[in-house]
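Numbering (UniProt numbering), first residue to last: 1 to 276. Ideal placement from N, C-alpha and C gives every residue a C-beta, glycine not left out. Shown next, in structure tokens, is the structure this report addresses.
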């Protein structure tokens with residue numbers, strides 16, 4: 001729907017939709033090569049994930065958040081400056097705000113953002129992005145918008161030396177392997193003794209805690225019932241891509257286009273950049 005609306009507003013615009021989670025949908029080298037990244041995310045976990053990915057490749061971004069009568073806009077345009085993670089305490093960074101199930105009780109009454117709040121926050125994000133792309137000055141700090149009182153103010157933010165999200169990748173070797181190639185192709189190119197690692201767990205097999213059913217089931221972890229007794233199956237996972245069957249494509253294991261992968265070697269971690 002959003003893509004259709006944008007093409008109506010701006011005929012000729014090129015849009016590529018990727019209906020996947022962030023890590024599976026957008027590779028690190030794509031973030032690195034982007035002129036600006038706009039984060040329109042609805043959870044702390046997602047915002048932290050995007051901040052961490054951007055920091056890995058020093059990509060400039062603008063984070064936006066809404067509440068029923070306002071919101072906030074956070075320009076993170078200096079790779080050596082603060083990030084979204086710096087605004088949280090270690091406890092806040094560690095606690096997920098994504099519910100485990102529909103039965104989980106929330107400590108707060110959930111509320112939705114009004115459409116008008118989204119419009120205001122989106123307009124601010126667009127305005128700052130355009131000025132940044134034109135090499136014009138941009139606001140420093142978080143723009144806090146309070147629609148109930150009709151005011152906005154800038155809240156200064158400092159980089160937190162304890163924030164774990166500031167560990168950029170120094171350099172990555174480009175390789176002629178894409179996410180559409182197989183695990184075997186990646187293994188053959190890297191050579192023996194080098195272990196490529198995924199950014200998120202890969203499902204190896206599933207097990208039933210009730211009846212003992214087991215099955216090898218490589219791919220992206222999913223929640224499925226046991227075919228024998230209906231109990232929810234447990235996923236057994238790994239981060240080591242070389243353990244997967246050689247015929248599987250990297251994309252089938254959740255590897256994004258133009259991803260940068262860590263490779264464990266006898267001499268430490270190396271980085272490789274997929275070609276597509």
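Is the Cβ-Cβ distance between residue i and residue j less than 9 angstroms?
i, j, result
"residue 233", "residue 220", "no"
"residue 272", "residue 192", "no"
"residue 150", "residue 118", "no"
"residue 264", "residue 276", "no"
"residue 38", "residue 126", "yes"
"residue 130", "residue 139", "no"
"residue 23", "residue 256", "yes"
"residue 204", "residue 216", "yes"
"residue 65", "residue 41", "yes"
"residue 52", "residue 165", "yes"
"residue 115", "residue 196", "no"
Judging by CA-CA distance, which residue of the options is the nearest neighbour of residue i?
i, options, result
"residue 44", "126, 93, 172 and 165", "93"
"residue 239", "174, 202, 215 and 64", "202"
"residue 243", "124, 5, 164 and 218", "218"
"residue 58", "229, 66 and 76", "76"
"residue 167", "11, 122 and 55", "55"
"residue 46", "207, 198, 20 and 229", "20"
"residue 155", "10, 73, 227 and 205", "73"
"residue 30", "214, 194 and 18", "18"
"residue 163", "90, 252, 195 and 7", "90"
"residue 211", "237, 9 and 226", "226"
"residue 182", "241, 174, 135 and 152", "241"
"residue 252", "178, 148 and 230", "178"
"residue 169", "144, 79 and 180", "79"
Based on the DSSP output, what are the partners of residue i in its beta bridges?
i, result
"residue 249", "182"
"residue 73", "64 and 143"
"residue 36", "Looking at the DSSP assignment, residue 36 forms no beta bridge with any residue, so it has no partner."
"residue 219", "203"
"residue 271", "262"
"residue 151", "146"
"residue 47", "DSSP output for residue 47 lists no bridge partner at all."
"residue 232", "225"
"residue 214", "207"
"residue 20", "DSSP, once it has assigned bridges, lists no residue as partnering residue 20."
Out of curiosity, what's the CA-to-CA distance linking residue i and residue j?
i, j, result
"residue 254", "residue 68", "35 angstroms"
"residue 36", "residue 146", "26 angstroms"
"residue 157", "residue 250", "39 angstroms"
"residue 81", "residue 159", "6 angstroms"
"residue 5", "residue 15", "11 angstroms"
"residue 85", "residue 248", "35 angstroms"
"residue 246", "residue 188", "10 angstroms"
"residue 34", "residue 123", "20 angstroms"
"residue 13", "residue 142", "30 angstroms"
"residue 266", "residue 186", "18 angstroms"
"residue 274", "residue 121", "35 angstroms"
"residue 25", "residue 236", "23 angstroms"
"residue 206", "residue 200", "17 angstroms"
"residue 194", "residue 175", "14 angstroms"
"residue 83", "residue 95", "18 angstroms"
"residue 213", "residue 198", "27 angstroms"
Please classify residue i as buried or exposed, where buried requires at least 16 neighbouring CB atoms within 10 angstroms.
i, result
"residue 63", "buried"
"residue 60", "buried"
"residue 260", "buried"
"residue 269", "exposed"
"residue 209", "exposed"
"residue 49", "buried"
"residue 32", "buried"
"residue 136", "exposed"
"residue 2", "exposed"
"residue 10", "exposed"
Please tell me whether residue i has its Cβ less than 9 angstroms away from any Cβ of chain C.
i, result
"residue 94", "The structure shown contains no chain C, having only a single protein chain."
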